[in-house]
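Numbering (my numbering), first residue to last: 297 to 762.
To keep things clear, I will list the structure first and then write my remarks on it.
Laid out in structure tokens, this is it:
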């Protein structure tokens, strides 16, 4: 969660600008999208599985006696044809999952098929995203525009209710970037102003995707797993069900189940109970839950008891208060600094940081180095890789860039403090948990896997020599 002003400042008698307050509400809604929807859970699980898979494969490939462990994985493709083909398989498997995740959220060039996106193992000719027409102009709708439109609607509710700001100013398209209003504008064109209050609930249902199957094998399965495609189908269903409405906040407990089940059934999507049961079953399969996962499991159980809570909780201030007090954001970036303003639970704060470090390490295993890391012939921590300029105390007080030569070791070694806690570089701590140190690593920034054409040449040479 990224903010410019501390949410601790949002108290009675404090002079905090309205924009900062609104941003906090907006970002809090993104947190709720993560913990209360199938899409949020699956995005989390996908990242964890991808990073774990990459690390495990690299760990096995790099375990060569009396040699440093080298990044990226592509380095080991130089050792022979078997290692090359294994590395290619790993990279393609990972990129398949990454590209599917990206296609569900945001693509720089969205008007493509999955085949054109570069999928090798599943080169399907299906359109990645739907095209809508807004004010006579075609637009390719993407998942990010659903999540942002949803969060902005909740922010707009806050500004209307608390600060009495006119709705037209909040949705001023001349000021607001398109990703915040395009889905909402199309929704109003299709369903009319009288359905204004239903918009955030449609967004929420669009994010209630299933992971069954894990990888779509039909176009309908792909569309049912993509928030943008789901949104379009749900809007069309609501347009046809003219009498269907969510009502006022006090009516939600009575009306929501019928509202949601009618639309999901009409679209042939999984029911909410199926989605929630699937998510809870996924937690049961794990031997032990991370604190973050335990929070997500708790959120789904809360959602089962209050299924309407994911639409527009800001419209019911008692509900919003209950949700924000029960589910506090684990870690917040404010002006480039990381803090635990959301929760006093240091374990979950530390866990969030270590997850960031794990992802940073995984992308370097994959060979995705920043320009700065390549230029400096360095490895880099999550704060450097993900542009969090003051993510740790050493950046704030010692001007650490987050990049260093592994042969020099971590700039701030890990030590045990007097209170028996660890202090030092959190990236080095991550390596230590795997039985590694920075000095065990070496980086080959130039290592690349061959292109498809180069692989064909290698294959022809191999066959001619057989």
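The C-beta atom is built at its ideal place from N, Cα and C for all residues, glycine as well.
- Beyond the five residues adjoining it in sequence on each side, residue 401 comes within less than 6 Å, by CB distance, of 439 and 440 in the same chain, given in chain order.
- If you check the CB distance, residue 334 and residue 575 come in under 9 Å.
- The continuous alpha helix (DSSP H) containing residue 341 extends over residues 334-357.
- Counting along the chain, no beta strand (DSSP E) covers residue 573; the unbroken alpha helix (DSSP H) around it starts and ends at 568-580.
- Per DSSP, the unbroken alpha helix (DSSP H) holding residue 519 starts and ends at 515-520.
- Per DSSP, the continuous alpha helix (DSSP H) segment holding residue 390 begins and ends at 377-401.
- Here the segment 374-384 lies against the segment 746-759, with 3 or more beta-carbon pairs under 8 Å apart.
- Boundaries of the beta strand (DSSP E) harbouring residue 434: 433-436, taken from the DSSP string.
- When the beta-carbon positions are compared, residue 706 and residue 734 come within less than 9 Å of each other.
- A direct Cα-to-Cα measurement between residue 531 and residue 316 gives close to 32 Å.
- Residue 617 and residue 545 have their C-alpha atoms some 14 Å from each other.
- Taking the Cα positions, residue 710 is about 14 Å away from residue 688.
- Within its own chain, the residues whose Cβ lies closer than 8 Å to the Cβ of residue 455, once the five positions on either side in sequence are excluded, are 314, 318, 461 and 466, listed in chain order.
- Around the CB of residue 609, 16 or more other CB atoms lie within 10 Å, so the residue is classed as buried.
- Residue 331 counts as buried, since no fewer than 16 other beta carbons sit within 10 angstroms of its beta carbon.
- Taking 9 Å as the cut-off, the beta carbon of residue 565 is found no closer than this to the beta carbon of residue 535.
- In the three-state reduction of the DSSP assignment, residue 542 falls in the coil class, being assigned neither a helical nor a strand state.
- Nearest C-alpha to residue 681 among 702, 692, 658 and 690: 658.
- Taking C-alpha positions only, residue 420 is separated from residue 410 by approximately 6 Å.
- For residue 471, the secondary structure class from DSSP, reduced to helix, strand or coil, is coil.
- Assignment of residue 664 by DSSP, reduced to helix, strand and coil, places it in the coil class.
- As a beta-bridge residue in DSSP terms, residue 700 pairs with 675.
- In the three-state scheme derived from DSSP, where H, G and I count as helix and E and B as strand, residue 712 is classed as strand.
- In this model, residue 483 and residue 503 are separated by some 16 Å (Cα to Cα).
- At a Cβ-Cβ threshold of 9 Å, residue 663 and residue 417 do not count as neighbours.
- Counting C-beta pairs with one atom in each stretch, the segment 552-572 and the segment 502-517 have three or more that are closer than 8 Å, which means they touch.
- Per the Cβ contact rule, the segment 647-661 is in contact with the segment 712-730 (3 or more Cβ pairs under 8 Å).
- If you draw a 10 Å sphere on the C-beta of residue 337, you find 16 or more other C-beta atoms in it, and that means buried.
- Close CB contacts of residue 607 within its chain, under the 6 Å cut and outside five residues either way in sequence, are with 496, 497 and 500 (chain order).
- The C-beta distance from residue 386 to residue 353 rounds to 5 Å, short enough to fall under 8 Å.
- Within the DSSP secondary-structure output, residue 719 pairs in a beta bridge with 711.
- According to DSSP, residue pairing for residue 428 in a beta bridge involves 435.
- Residue 523 counts as buried, since at least 16 other C-beta atoms from the protein chains shown sit within 10 angstroms of its C-beta.
- In this structure, 553 is the residue among 553, 589 and 594 with its C-alpha nearest to the C-alpha of residue 603.
- For residue 739, the pairing in a beta bridge is given by DSSP as 367.
- When C-beta atoms of the segment 421-432 are compared with those of the segment 473-491, three or more pairs fall below 8 Å, so the two segments count as touching.
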